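Using my numbering, you'd call the opening residue of the sequence shown number 57 and step up by one each time.
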Amino acid sequence: MIDVSLGDLVRFHPYRFLTVTVIVLFSVTSACSSSKSTESNAATSAGGQKLVTPGTLTICADFAGPPFAFEENGKLTGFEVELVDAMAPSMNLATNWIDTPFDSVFSALDAGKCDVIASGLSITDERKKHVNFTDATFYADQSLVVRAKDAAVTKNLADLAGKTIGAQAGTTGQAFAEKNKAATTSIKLFPGDDAMFAALGAGEINAIVQDFPFSHYRASKNPNEFAVVQRYPTGEQYAMAVAKSNTALVDKLNTALASLEADGTYNGIYNQWFGATN
Numbered sequence: 057m058i059d060v061s062l063g064d065l066v067r068f069h070p071y072r073f074l075t076v077t078v079i080v081l082f083s084v085t086s087a088c089s090s091s092k093s094t095e096s097n098a099a100t101s102a103g104g105q106k107l108v109t110p111g112t113l114t115i116c117a118d119f120a121g122p123p124f125a126f127e128e129n130g131k132l133t134g135f136e137v138e139l140v141d142a143m144a145p146s147m148n149l150a151t152n153w154i155d156t157p158f159d160s161v162f163s164a165l166d167a168g169k170c171d172v173i174a175s176g177l178s179i180t181d182e183r184k185k186h187v188n189f190t191d192a193t194f195y196a197d198q199s200l201v202v203r204a205k206d207a208a209v210t211k212n213l214a215d216l217a218g219k220t221i222g223a224q225a226g227t228t229g230q231a232f233a234e235k236n237k238a239a240t241t242s243i244k245l246f247p248g249d250d251a252m253f254a255a256l257g258a259g260e261i262n263a264i265v266q267d268f269p270f271s272h273y274r275a276s277k278n279p280n281e282f283a284v285v286q287r288y289p290t291g292e293q294y295a296m297a298v299a300k301s302n303t304a305l306v307d308k309l310n311t312a313l314a315s316l317e318a319d320g321t322y323n324g325i326y327n328q329w330f331g332a333t334n
C-alpha cells in the first residue's frame with residue numbers, strides 16, 4: 057500500500073495570483089447566503105451575465121462527492137462548496153446548490169437549470185468544446201483503490217487482469233481505466249461514489265479507478281475497509297464550468313477566485329480540507 061500522506065500527495069497551485077485585471081462587478085440587491093435545492097427557474101439575464109435567478113449563483117454539483125461537495129449532518133459542505141460560497145459575496149450574489157448526478161451536470165447546464173458546474177470537474181479538451189472553464193481551482197491525479205484486505209496482492213492495474221474495475225460514469229477516471237486496463241479486465245460504471253464504494257466493499261468489483269482527492273478522502277475515513285494502492289500522475293486541473301455563451305460570468309468568477317487567492321482565503325479553505333501546503 058502506498059503512503060497516502062495528504063501533505064505529499066495532494067497537488068494544487070496555491071500561488072497562481074499575479075496581476076489581476078479589475079473587472080467592475082455588477083450590483084444586485086441581495087444578501088449573500090447559501091442554500092441547496094433540487095429545482096430552479098428559467099434563465100434570465102442580469103448585469104451582463106446570464107443567471108438562472110437574479111441575485112443568485114445557481115450551482116450544479118453531485119452531493120455524493122466528498123470532500124468537494126457532500127451532505128453531513130443535514131448540511132451541505134465540502135471544499136468546493138466553501139470555495140464558491142466564499143467567492144459569491146464579492147459578486148454580490150447568494151448561492152443556491154442543486155444536487156445533480158455527475159453524469160447529468162452538463163445536460164443540466166445546457167438546459168439552463170444552473171449557472172455553473174462545481175463538482176470536482178477536470179478540464180479536458182473534449183469538454184472545452186461544450187463549456188467555458190474558469191481558471192483552475194485544484195490539481196489532481198488518478199488513483200487505484202482496493203479493499204484494504206486485498207492491498208497486499210493487488211497493487212496495480214496489471215494485477216486486475218480478468219477482474220472488474222469500478223468507475224464513475226462520465227469521469228476522467230472512467231477514461232483512464234479504459235485506456236490503461238488489461239485487455240481482460242472489465243469495467244463496471246456507477247452513477248456516484250456511494251454505490252461504487254458499496255460495491256467494492258461487498259466484493260462485487262475488485263477495484264476502483266478514481267480521482268485521487270476523492271479516493272484518498274474515502275480511504276482515510278475508512279482505513280480498515282479501503283486502501284489507495286496507486287496514484288497515477290495525470291496532472292489534471294479542476295475548474296468550474298459555465299455555458300459557452302456566458303463569458304461575462306466566467307470573468308467575474310475568475311476575478312472572485314483571484315481575490316480569494318490573493319488574500320489567503322483560498323489557502324485557508326484548502327488547508328481545512330487537505331492540510332497545510334508544502
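Beta carbons: idealized from backbone N, C-alpha and C, even for Gly. Because the structure is a prediction, the values reported are computed rather than measured.
Could you spell out the range, first to last residue, of the alpha helix (DSSP H) harbouring residue i?
i, result
"I261", "Segment: none, I261 is in no alpha helix (DSSP H) and carries neither H nor E."
"T114", "Where T114 is concerned, there is no enclosing alpha helix (DSSP H), although the beta strand (DSSP E) it sits in stretches over T112 to A117."
"A238", "Run containing A238: none; DSSP gives neither H nor E here."
"S315", "T303 to A318"
"G324", "T321 to F330"
Quick test of your reading: residue i and residue j, contact by CB under 8 Å. State the CB separation rounded to the nearest angstrom.
i, j, result
"A217", "T240", "5 Å"
"C336", "A167", "With the chain covering only 57 through 334, there is no way to say anything about residue 336."
"F232", "V202", "Going by Cβ atoms, the distance from F232 to V202 rounds to 16 Å, so no, they are not a contact pair."
"Y288", "P122", "Not confirmed; about 21 Å, so no contact."
"A263", "A204", "About 12 Å; that fails the 8 Å criterion."
"A144", "T321", "Actually they are not in contact, since the Cβ atoms of A144 and T321 sit about 12 Å apart, beyond 8 Å."
"S146", "A318", "With 8 Å as the limit, S146 and A318 do not qualify as a contact, their Cβ atoms being about 11 Å apart."
"E127", "F119", "5 Å"
"A214", "A238", "6 Å"
"M296", "I173", "6 Å"
Got a sec, what are the start and stop residues for the beta strand (DSSP E) residue i sits in?
i, result
"A283", "F282 to Y294"
"S271", "Not the beta strand (DSSP E): S271 falls in the alpha helix (DSSP H), residues F268 to K277."
"T109", "Per DSSP, T109 belongs to no beta strand (DSSP E) and is neither H nor E."
"S146", "Segment: none, S146 is in no beta strand (DSSP E) and carries neither H nor E."
"F246", "S242 to F246"
"F126", "A125 to E128"
"K131", "K131 to T133"
Measuring CB to CB, does residue i end up less than 9 Å from residue j?
i, j, result
"D171", "N302", "yes"
"L107", "L309", "no"
"L149", "T112", "yes"
"K235", "Q286", "no"
"T227", "D197", "no"
"V298", "F135", "no"
"I243", "M252", "no"
"A125", "T114", "no"
"S271", "S199", "yes"
"E182", "I325", "no"
"R330", "P269", "The question names Arg, but residue 330 is Phe in the sequence shown. Yes, they are a contact pair."
"T151", "V161", "no"
"K300", "V209", "no"
At the 9 Å Cβ level, is residue i part of the contact set with chain C, yes or no?
i, result
"D141", "The chain labelled as chain C is not found in the depicted structure, where only one protein chain is given."
*asked:* If contact is defined by three or more beta carbon pairs under 8 Å, each pair taking one atom from either stretch, is the stretch 245-256 in contact with the stretch 140-156?
replied: no
*3 or more residues per run - each beta strand (DSSP E) lying fully within the stretch 148-234*: 150-155, 187-189, 194-203 and 220-224
*Looking at C-beta atoms only, is the number of pairs between the stretch 170-190 and the stretch 279-298 that lie closer than 8 Å three or more?*
yes
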